[in-house]
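Only one structure is covered here, and it is reproduced in the block below.
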Amino acid sequence: MIKAIQVLRIHLLELEKVQELCKDFCNRYIGCLKGKMQSENLLRSDYSHHGGHDLGPSSGSNGSSPLQ
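Going by UniProt numbering, the first residue of the sequence shown is number 1, and it counts up by one from there.
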């Protein structure tokens, strides 16, 4: 019985470590996604400020390239 309790305690400690790793991974992943979204938004706004809004999805909807 004591051996079983010791094994369960070890498993609990390991699960706590896994939980901490998961939290750390999630926080890093969310931070990475936020940074990526911000950089994409900056690129979009920069692109639209330099006349790129004329080449939006509506101009190429017929399958032709805007450069043709």
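Glycine included, every Cβ here is placed at the ideal spot set by N, Cα and C.
Between the C-alpha atoms of Lys23 and Glu16, what's the straight-line distance to the nearest angstrom? 11 angstroms
Unbroken alpha helix (DSSP H) run spanning Met1, endpoints: Unbroken run through Met1: none, as it is neither H nor E.
From Leu21 to Ile5, what does the alpha carbon distance come to, in whole angstroms? 24 angstroms
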